[in-house]
């Protein structure tokens, strides 16, 4: 596994921890239809499915390139939509869902920033929250 894959895996672990601490139940991780059509995290909260894309970067919020979550563009959302349709069919689900994005700026296991954007079809002001991480142990 290369450095970028390890960073992505670490970010997904931080994101899953954040979601569980905030009342989400993780249903699937890294569900893959095919290359480009992957669902990082599928979670459920209050009867609503959440398909969560996680973007992790090492750079700070104010460096060129912006926030990690800004890397989730139209093409990625389109591919996620295709994967969601297959996921829902595979598990025979018909409930409502949203697409969420978690952006993480990672400096170390004990120093990172996490930004959760709930339902990315809504304006950015609809975020559920921002957290500054201090993860212990592992």
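Numbering (my numbering), first residue to last: -19 to 118.
Even for Gly, the Cβ is constructed at its ideal location relative to N, Cα and C.
Residue -19 has its alpha-carbon roughly 30 Å from the corresponding atom of residue 98. Counting the other CB atoms within 10 Å of its CB gives residue 95 a total of 16 or more, which places it among the buried residues. Annotation: residue -16 to residue -7 spans about 14 Å, alpha carbon to alpha carbon. Relative to the Cα of residue 80, the nearest Cα in the group 87, 66 and 53 belongs to 53. By the CB criterion at 8 Å, residue -13 and residue 62 fall outside the cutoff.
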